[in-house]
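These protein sequences, in sequence, are chains A and B.
Going by numbering that gives the first Met the number 0, the first residue of the first sequence is number 0, and it counts up by one from there.
Going by numbering that gives the first Met the number 0, the first residue of the second sequence is number 0, and it counts up by one from there.
The C-beta atom is built at its ideal place from N, Cα and C for all residues, glycine as well.
There are 2 protein chains.
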Amino acid sequence: MLVRINTAPRMPIDGQLAALASERMLSEFRYRRGSEIFGEREEPEYVYQIVSGAVRTYKLLPDGRRQINAFHLVGDMFGFENETTHRFTAEAIVETHVHLMRRTSILEAVRNGGAGAKDLIKFVTQNLQHAESHMLLLGRKTSLERVTAFLLEMDERLQHPDVMILPMNRRDIADYLGLTLETVSRALSILRDEGLLRFDGNSQRRLELVDRGALAKIDA
Amino acid sequence: MLVRINTAPRMPIDGQLAALASERMLSEFRYRRGSEIFGEREEPEYVYQIVSGAVRTYKLLPDGRRQINAFHLVGDMFGFENETTHRFTAEAIVETHVHLMRRTSILEAVRNGGAGAKDLIKFVTQNLQHAESHMLLLGRKTSLERVTAFLLEMDERLQHPDVMILPMNRRDIADYLGLTLETVSRALSILRDEGLLRFDGNSQRRLELVDRGALAKIDA
DNA sequence: CGCGGAGTTGATGATCTTCAAACATGGTGG
DNA sequence: CCACCATGTTTGAAGATCATCAACTCCGCG
Numbered sequence: 000m001l002v003r004i005n006t007a008p009r010m011p012i013d014g015q016l017a018a019l020a021s022e023r024m025l026s027e028f029r030y031r032r033g034s035e036i037f038g039e040r041e042e043p044e045y046v047y048q049i050v051s052g053a054v055r056t057y058k059l060l061p062d063g064r065r066q067i068n069a070f071h072l073v074g075d076m077f078g079f080e081n082e083t084t085h086r087f088t089a090e091a092i093v094e095t096h097v098h099l100m101r102r103t104s105i106l107e108a109v110r111n112g113g114a115g116a117k118d119l120i121k122f123v124t125q126n127l128q129h130a131e132s133h134m135l136l137l138g139r140k141t142s143l144e145r146v147t148a149f150l151l152e153m154d155e156r157l158q159h160p161d162v163m164i165l166p167m168n169r170r171d172i173a174d175y176l177g178l179t180l181e182t183v184s185r186a187l188s189i190l191r192d193e194g195l196l197r198f199d200g201n202s203q204r205r206l207e208l209v210d211r212g213a214l215a216k217i218d219a
Numbered sequence: 000m001l002v003r004i005n006t007a008p009r010m011p012i013d014g015q016l017a018a019l020a021s022e023r024m025l026s027e028f029r030y031r032r033g034s035e036i037f038g039e040r041e042e043p044e045y046v047y048q049i050v051s052g053a054v055r056t057y058k059l060l061p062d063g064r065r066q067i068n069a070f071h072l073v074g075d076m077f078g079f080e081n082e083t084t085h086r087f088t089a090e091a092i093v094e095t096h097v098h099l100m101r102r103t104s105i106l107e108a109v110r111n112g113g114a115g116a117k118d119l120i121k122f123v124t125q126n127l128q129h130a131e132s133h134m135l136l137l138g139r140k141t142s143l144e145r146v147t148a149f150l151l152e153m154d155e156r157l158q159h160p161d162v163m164i165l166p167m168n169r170r171d172i173a174d175y176l177g178l179t180l181e182t183v184s185r186a187l188s189i190l191r192d193e194g195l196l197r198f199d200g201n202s203q204r205r206l207e208l209v210d211r212g213a214l215a216k217i218d219a
């Protein structure tokens, strides 16, 4: 049996602003694992689309508590701002290649009243929808439900691969779900012990969802 | 000394879509305290602007856990959807008067490429920004920080009244902050005991922020 | 191989929730 | 106009979940 994994074939680029993107693309850029792409409160200059790799965007509290807002995977666009400052910090989770385009050229396209405006509304709306369902998760779900929801979200975004390869570590997952890394680890162990989930071979980053139906039932 | 309170003078209507709204307004409508304005998964027909009163929008989990997404106050618009279903339920917290306009007429305005598109992007972006900072609150702040943040948010939205009159009860606040009503009550008691906050007269819904600076320091 | 980051697991503890009871508030009708 | 009642709020005690602290193991990489 052929095993699909989620790294090998580069996924088709499908961001809502793809048309704008490809027309206005400036250049490709590479970020090393862990490096910052832009910082919170910086002035936005570019909009980014991921060619390969993965990115986390997050906010920090003064004492260092971190809330990861979103993970951005291959094909995703991020970094767009209407306002004059970024609302997040963005970092490459692994070595990441992106396409850059100038923010101003996107804004211009919107001003010129083309299809750009509608695409942009859709883009922002999708971010909003994600944030809304994430608020429900953060405000009201248990740790087991959160971790399950995370797995199902990744599964869907990676198009249900046989083996899911997670680019992020347990701390990233924890900071996305409003938990600690230990709690994430324990939840994964429970799901594994219940047979809903299998770690692939030796790696704790490669996992296989054995029973998506049962997982969906856990995620309230 | 003259005491400003936040109910008396009807605030100027200032939603981002106000221009569209006033042009296309259909009619005024009244909702009784506690009544549903629209339900999650319903097809959106109208966009609403609050003339008087207050509205909560929320999502429910199957077992009844509730996450209130936002409170909408006088002048605020809500209920706009790009998609074909509402993503929330909306209920009147107190007796509420709204202006209705047809959703389709807004969409039309956007399609026609007027100023509508830009206003709409701004509107959706502001909702997104609110959701993003609320994710940080829900994922990473303590109960005392959450309640403090709530008070400061309301204070600002009501334009720093001397006496803040909250339309919502403790359970609503709790479901907004991802807490229980008891925890909210305890946090308010702490803030009162520390002298940062005063209950006005007998009512637990009328309160005065005595030391906004100290409150801002608590809200990390 | 061995080193260091990452992950798991266990023990303990803090915060928040749950359960419970008492009290306050504001609207209603006698 | 005031007593009454439903609803809302506070406070306390006990319990659950998740966080913290700690030790150990695993894995990937040089």
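#### Entry: Status (buried if at least 16 other CB within 10 Å, exposed otherwise) for B/Lys216
exposed
### Task
Measure from the alpha carbon of A/Thr200 to the alpha carbon of each residue in A/Gly212, A/Ile164, A/Gln125, A/Arg169, then state which is nearest.
Here the sequence assigns Gly to residue 200 of chain A, which means Thr is not the residue at that position. Nearest of A/Gly212, A/Ile164, A/Gln125, A/Arg169 to A/Gly200, Cα basis: A/Ile164.
### Query
So which residues of chain B does A/Gly177 contact, with C-beta pairs closer than 7 Å?
Leu137, Gly138, Arg139
### Residues in the segment 147-164 of chain B having any Cβ partner in chain A nearer than 9 Å
none
### Query
Hey, how far is the Cα of B/Val109 from the Cα of B/Leu195?
46 Å
### Message
Just to confirm the assignment: which complete alpha helix (DSSP H) runs, minimum length 4, are found wholly within the segment 123-201 of chain A?
### Response
142-156, 169-176, 180-192
### Query
Exposed or buried, which one is A/Gly38 when buried takes at least 16 other CB atoms within 10 Å?
exposed
### Message
Does B/Ile67 come out as helix, strand or coil in the three-state DSSP assignment?
### Response
strand
### Task
Flag B/Ala186 as yes if its beta-carbon sits less than 9 Å from any beta-carbon of chain A, otherwise no.
no
### Within 8 Å of chain B by C-beta, residues of the segment 115-134 of chain A in sequence order
Ala116, Lys117, Leu119, Ile120, Lys121, Val123, Thr124, Asn126, Leu127, Gln128, Ala130, Glu131, Ser132, His133, Met134
### Query
I think B/Leu72 touches B/Ile105, with their Cβ atoms under 8 Å apart; what is that distance to the nearest whole Å?
Not really, about 21 Å apart at Cβ, beyond 8 Å.
### Query
Should the segment 60-68 of chain A be regarded as contacting the segment 27-34 of chain A, the criterion being three or more beta carbon pairs within less than 8 Å?
no
### Task
Counting only the same chain and skipping the five closest in sequence on each side, list residues whose C-beta sits under 7 Å from that of A/Ile172.
Phe149, Val183
### Query
By how many angstroms is the C-alpha of A/Leu137 removed from the C-alpha of B/Thr147?
18 Å
### Query
Applying a beta-carbon distance threshold of less than 9 Å, which residues of chain B neighbour A/Leu180?
Under the 9 Å cutoff, chain B gives no residues; its nearest Cβ is about 14 Å from A/Leu180.
### Query
What is the residue span of the alpha helix (DSSP H) that B/Val109 lies within?
102-110
### Query
So, is the C-beta of A/Val54 closer than 9 Å to a C-beta in chain B?
no
### Task
Examine chain A for any beta-carbon lying closer than 9 Å to the beta-carbon of B/Leu60, and answer yes or no.
yes
### Under 9 Å between C-beta atoms of B/Arg102 and B/Glu35
no
### Task
Pull up the distance between the alpha-carbon of A/Glu80 and that of B/Arg55, whole angstroms please.
27 Å
#### Entry: Sheet register partners of B/Thr84 (DSSP bridge)
DSSP, once it has assigned bridges, lists no residue as partnering B/Thr84.
### Message
Strictly below 9 Å CB to CB, what residues from chain A border B/Ala219?
### Response
Leu60, Pro61, Asp62, Arg64
### Query
Thinking just about the alpha-carbon of each residue, which of A/Glu131, A/Glu144, A/Asn111 is nearest to the one in B/Gln66?
A/Glu131
### Message
I need the straight-line Cα distance from B/Leu156 to A/Ser142, nearest angstrom please.
### Response
The sequence shown places Arg at residue 156 of chain B, not Leu. Rounded to whole angstroms, B/Arg156 to A/Ser142 spans 33 Å at the Cα level.
### Query
Mind checking if A/Arg86 is an interface residue toward chain B, Cβ cutoff 9 Å exclusive?
yes
### Query
Can you name the residues of chain A whose CB is closer than 7 Å to the CB of B/Asn81?
Ile120, Lys121, Thr124
### Task
If I'm right that B/Ala89 touches B/Met167 with Cβ under 8 Å, what's the distance once you round it to whole angstroms?
Not confirmed; about 14 Å, so no contact.
### Message
Measuring alpha carbon to alpha carbon, tell me which residue in A/Val209, A/Asp210, A/Phe77 is nearest A/Met100.
### Response
A/Phe77
### Query
Name the chain B residues whose beta carbon is nearer than 8 Å to that of A/Asn201?
Residues of chain B passing the Cβ test: none, with the nearest at roughly 31 Å.
### Task
Compute the distance between the beta-carbons of A/Gln128 and B/Arg40, then report whether it is under 9 Å.
no
### Any chain B beta carbon closer than 9 Å to A/Asn68
yes
### Task
List the whole-angstrom C-beta distance separating A/Arg169 from A/Leu151, where the pair is believed to meet the contact cut-off of C-beta under 8 Å.
Not quite, the Cβ-Cβ distance comes to about 18 Å (not below 8 Å), so this is no contact.
### Query
Less than 9 Å separating the beta-carbons of A/Arg139 and B/Arg64?
yes
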